[in-house]
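Residue numbers (this note's numbering): 1 to 546.
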């Protein structure tokens, strides 16, 4: 039964006396209900807003830490192209997450400011007005801190867009200072809302006492017939109000394990159910924030350990490569010295077979040195990661032709290059190495025959990739060896007629694999060779998206 119905019952019994008392009681109870609804509607919304902003800011912190780890990996570690694309993709996701959180926070702040502004317009109490003005000032500070933090984050991403991934300690410290300032302002808001809630509850208690006095006056003025009704009304109103006031006091003290067991269907019952919902939501938010804080601490510890392990592995790999290069070359230099000594001091005493053997030793040592050089180059190419950029293949090919100018003229090579090729997103330094290896092989294996060497370089546009072809009219390759030639140090020529270690095509395959493309050969014995390689157009899409 509604409170207004209960008052009407008394008015019906005492037509004259209780009309005035009933109206006064109803007015005070309405004001008391308004104060309690203010706790639920205004104060709860403010508390939920502060909780939502705090939760969003913690999520921003988690996302920013993930972005900072990605930036550190991009700035200080050598990553594969696929890993780099993966990291850049997650940078983009992180930016989207931060933008969404920033929008949510801005909407929450604007809505809360509008609500406080409306309450200021309708406020008739000086204490309420002072508290609302204070809360308005706090929201302005929160909004300023929120905007400043988002501006700093946008500056960081503009730096990322320029290819600068190394965050200075000052940048990180400034972001953390902004986070602490926003956290402090949110705590001020929570404290102010808590104080505001206590003021509302105090007013509700005041209204309750006044209502009790009026009701008792009504009881004294009424006859014995109305005593039972008055007591019933007081009991039905006073008991749940005290429970609600006590529960609100516990909430103000920070105890969220409160549940009001008021099952009435009047206004107080509605307020109690809304109060229980508020407590449940606040408790859930508190648990989520605590869990997110623990997860952030664990992620930070794991990232730091992984960074140390990766740095240790890189240092050990560098030492290993240098040690292997030095230890292998040292005995080879000794062999060169002894061979040169024999050739200088005893070469005239050796017969033709001995001199040929000595020359063979020198050639073998030279070949071993070339093998070591190619092996180190292959290792370097697999670890060094140059930034991708928009490259004109014609310019790369012209530079390669300039490097091979002597061989081209010496062997009278008929060289043709397609005049128009599109701009390609790739590692220009490494793709130039691909053209150099393929064109060098084409000149080498098409020279020395009866016909004039001929080399063609051209381009085919496919749906998903840019395809380049280097074609020659040389000795050709049997189909059963088309896959073997890309293995490290795999040479099909056993006659020694063609110089080289067999590492060139292995280097080509490593570079194209790093770009996510493919390399293959179309050839047969005596029919020349066509070496094809592709560069995915997806690299261009990712670059535009970034």
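Backbone N, C-alpha and C fix where the C-beta goes; we use that ideal spot for every residue, glycine too. A quick note: this is a predicted structure, and the numbers were derived from the prediction, not measured.
Query, Result
"8 Å Cβ shell around residue 464 - same chain, five flanking residues per side excluded", "536, 537, 538"
"Inter-residue Cα distance where the pair is residue 483 and residue 56", "54 Å"
"Anticipated Cβ contact below 8 Å, residue 479 with residue 524, distance rounded", "6 Å"
"Every unbroken alpha helix (DSSP H) within the region 92–170, with a cutoff of 4 residues, ordered by chain", "126–161"
"Beta strand (DSSP E) segments (min. 3 residues) lying fully within the region 506–531", "519–523"
"Three-state secondary structure (DSSP) of residue 536", "strand"
"Those residues which DSSP pairs with residue 415 across a bridge", "455"
"Terminal residues of the alpha helix (DSSP H) in which residue 402 lies", "393–403"
"Residue 297 versus residue 504: straight-line alpha-carbon distance, rounded", "48 Å"
"Residue of 427, 486, 528, 95 minimising C-alpha distance to residue 508", "486"
"N- and C-terminal bounds of the beta strand (DSSP E) containing residue 471", "465–472"
"Buried/exposed call for residue 526, threshold 16 Cβ in 10 Å", "exposed"
"Residue 404 to residue 174 span [Cα, whole Å]", "54 Å"
"CB contact flag (residue 79, residue 72, <8 Å)", "no"
"Start-to-end residues for the alpha helix (DSSP H) that takes in residue 48", "44–76"
"Cα-Cα separation between residue 50 and residue 243, rounded to whole angstroms", "26 Å"
"Beta-bridge pairing of residue 424 - partner residues as DSSP gives them", "391"
"Reduced DSSP category for residue 461 - H, G, I as helix; E, B as strand; rest coil", "strand"
"Stretch-stretch touch, CB-based, cutoff 8 Å, three pairs: the region 392–403 with the region 425–435", "yes"
"Backbone secondary structure at residue 475 - three-state DSSP", "coil"
"Expected contact under 8 Å - CB spacing of residue 529 and residue 521 to nearest Å", "6 Å"
"Reduced DSSP category for residue 86 - H, G, I as helix; E, B as strand; rest coil", "helix"
"Buried versus exposed call for residue 149 [16 or more other C-beta atoms within 10 Å across all chains shown]", "buried"
"When 347, 344, 339 are compared against residue 362, the one with the closest alpha-carbon", "339"
"Proximity below 8 Å, CB of residue 400 to CB of residue 445", "no"
"Whole-angstrom distance between residue 388 and residue 534, CA atom to CA atom", "16 Å"
"Distance between beta carbons of residue 127 and residue 548, contact taken as under 8 Å", "Any answer about residue 548 is impossible in this case: the structure gives the chain only from 1 up to 546."
"Nearest neighbour of residue 513, chosen from 82, 344, 177 [CA to CA]", "82"
"Pick from 418, 238, 462 that is closest to residue 470, judged by C-alpha positions", "418"
"Proximity to residue 232 [Cα-Cα], best of 247, 216, 246", "216"
"Length of the line joining the Cα atoms of residue 270 and residue 147", "38 Å"
"Whether residue 136 touches residue 113 by CB criterion (8 Å)", "yes"
"Short Cβ contact (8 Å threshold) for residue 412 with residue 443", "no"
"Nearest-angstrom beta carbon gap, residue 63 and residue 94 [assumed within contact, 8 Å]", "5 Å"
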